[in-house]
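These notes concern the structure reproduced below.
Protein chains: 2
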Amino acid sequence: MNKAERQTKSDRTRAAIIAAAQAVFAAHGYERATVRDIAVRAAIDPAMIIRYFGSKDELFTRLAVFDLKLPDLSAVDSNQIGEALVRHFLSQWEDGANSGLTILLRSAASNEYAAEKLRAVFVEQVMPGIASVGGRAGAAERAGLVSSQLLGLALCRYVLKLPPLVTMHRESIIKQVGKTIQRYVTGR
Amino acid sequence: MNKAERQTKSDRTRAAIIAAAQAVFAAHGYERATVRDIAVRAAIDPAMIIRYFGSKDELFTRLAVFDLKLPDLSAVDSNQIGEALVRHFLSQWEDGANSGLTILLRSAASNEYAAEKLRAVFVEQVMPGIASVGGRAGAAERAGLVSSQLLGLALCRYVLKLPPLVTMHRESIIKQVGKTIQRYVTGR
DNA sequence: TGGAGAAGTCAACGTGTGTTGATTTTAATA
DNA sequence: TATTAAAATCAACACACGTTGACTTCTCCA
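In the order they appear, the protein sequences are chains A and B.
According to my numbering, the first sequence is numbered sequentially starting from 4.
According to my numbering, the second sequence is numbered sequentially starting from 4.
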């Protein structure tokens with residue numbers, strides 16, 4: 004075995020910790036998630052988490068990241084941008100239900116670090132994307148409105164689990180909310 | 004002094020505890036708010052909080068209530084329902100910045116009791132209001148969409164404090180988001 | 001004014017938390 | 001197989017939390 008392969012054991016527990024931490028942080032948010040919960044789920048000792056990641060904070064920091072992976076909107080048919088954005092957003096969410104965005108949204112309301120991270124996602128990813136369509140004029144406000152609708156949708160459907168939004172079919176949401184986003188993005 | 008007035012002393016600390024608790028719960032959410040924080044802010048002993056309210060949970064329960072005070076929507080010009088709803092919602096929010104809705108929204112993402120309370124607000128207050136306009140057909144879904152936009156707006160403007168939404172003028176928001184709500188409520 | 005009940009103070013308890021250091025076990029090399 | 005470093009275990013720490021009960025102070029009426 005060469006050196007790279009030899010580390011496979013510790014890599015595995017490292018991965019187990021990350022997977023468990025993602026699930027627990029996503030389910031309960033930062034404050035309510037405990038190192039011991041994560042350890043149980045990963046079937047390891049709580050001390051290992053500190054050993055591998057330094058502290059609960061550092062582990063959270065490592066997982067509280069999110070890449071929207073916005074496509075090039077200037078390449079999309081400009082009448083379809085709204086629906087395309089909602090569709091993309093829903094996919095991003097459902098693909099990685101335990102991933103960054105869930106963790107951030109669950110924690111941001113009571114955790115300033117997570118809130119700041121979410122604001123950064125807005126400034127670095129949403130803003131530029133919106134500005135690339137319909138020009139820079141009023142892009143910040145348009146991006147803000149877009150975010151309010153998309154985050155609100157995620158909050159209600161995935162976090163609060165408001166019955167009608169949970170039940171509602173993906174395509175209905177895309178059609179309805181798509182119209183809203185379309186108007187926000189293009190200014191009608 | 005009669006009996007009612009004699010209790011004025013304890014009523015005052017009772018009120019101080021409530022005010023302090025509203026502020027702390029609204030600022031940090033249930034998990035992060037501590038009995039000791041509330042006590043410091045109310046300038047009283049932590050033990051008094053337990054003495055007066057039984058437990059942190061009971062105090063929270065007492066404050067985690069919200070009355071949307073929706074006006075009779077069937078009396079509003081049906082072309083103005085969207086704007087009227089947003090205006091009403093913003094007023095409700097800004098009037099009592101430390102009150103029920105803030106507390107609920109700050110806590111609901113990581114506190115199942117608060118989430119349940121928010122769902123109850125939806126079922127008991129938003130749903131009936133929306134159903135009273137445009138009929139019962141699809142009322143649940145329409146109400147869900149309305150909630151996603153309004154809660155998303157509150158989340159971004161008051162909790163996450165996304166810069167453009169914080170800066171944006173009240174009337175611009177009412178105009179822009181009003182159109183969205185109008186379409187959701189009336190089904191276009 | 002003295003006594004009784006309310007209001008407030010104080011120190012401490014038990015519990016759950018993140019974290020640490022010493023120790024034991026495991027696994028790869030010589 | 002013996003050796004050595006990595007990996008995992010364990011018990012315990014320090015701290016913050018909600019909560020309790022005994023005690024003191026205040027306040028008002030007889």
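Yeah, the Cβ is synthetic: ideal placement off N, Cα and C, and Gly gets one too.
DSSP, reduced to helix, strand and coil, places A/R139 outside both helices and strands of the structure shown, so it counts as coil. Residues of chain B whose Cβ lies closer than 7 Å to the Cβ of A/F125 are, in chain order, L165. Within chain A, the residues R186 have their CB atoms less than 8 Å from the CB of B/K182, given in chain order.
A/L163 and A/A78 have their C-alpha atoms some 34 Å from each other. Interface criterion not met: the Cβ of A/E174 is under 8 Å from no Cβ in chain B. With the rule of 3 Cβ pairs closer than 8 Å, the segment 65-81 of chain A counts as touching the segment 126-139 of chain A. CA-CA distance, A/K12 to A/R90, rounds to 39 Å. Put simply, the segment 105-116 of chain A does not touch the segment 45-52 of chain A. Fewer than three CB pairs are less than 8 Å apart.
For B/A18, the uninterrupted alpha helix (DSSP H) segment begins and ends at T11 to R35.
Contact between the segment 17-29 of chain B and the segment 114-124 of chain A is not established, with fewer than three Cβ pairs separated by less than 8 Å. Proximity of A/G137 to chain B, defined by a Cβ-Cβ separation below 8 Å, is not satisfied.
Chain A has a Cβ within less than 8 Å of the Cβ of B/G32.
Looking at A/L88, A/G138, A/A157 and A/G103, the one whose alpha-carbon comes closest to that of A/G190 is A/G138.
Per DSSP, A/I47 lies in no alpha helix (DSSP H) and is assigned neither H nor E. CA-to-CA, the gap between A/T16 and A/Y55 works out to about 9 Å. Cβ proximity to chain A below 9 Å picks out L108, R109, S110, A111, A112, S113, N114, A118, L121, R122, F125 and V126 from the segment 96-129 of chain B.
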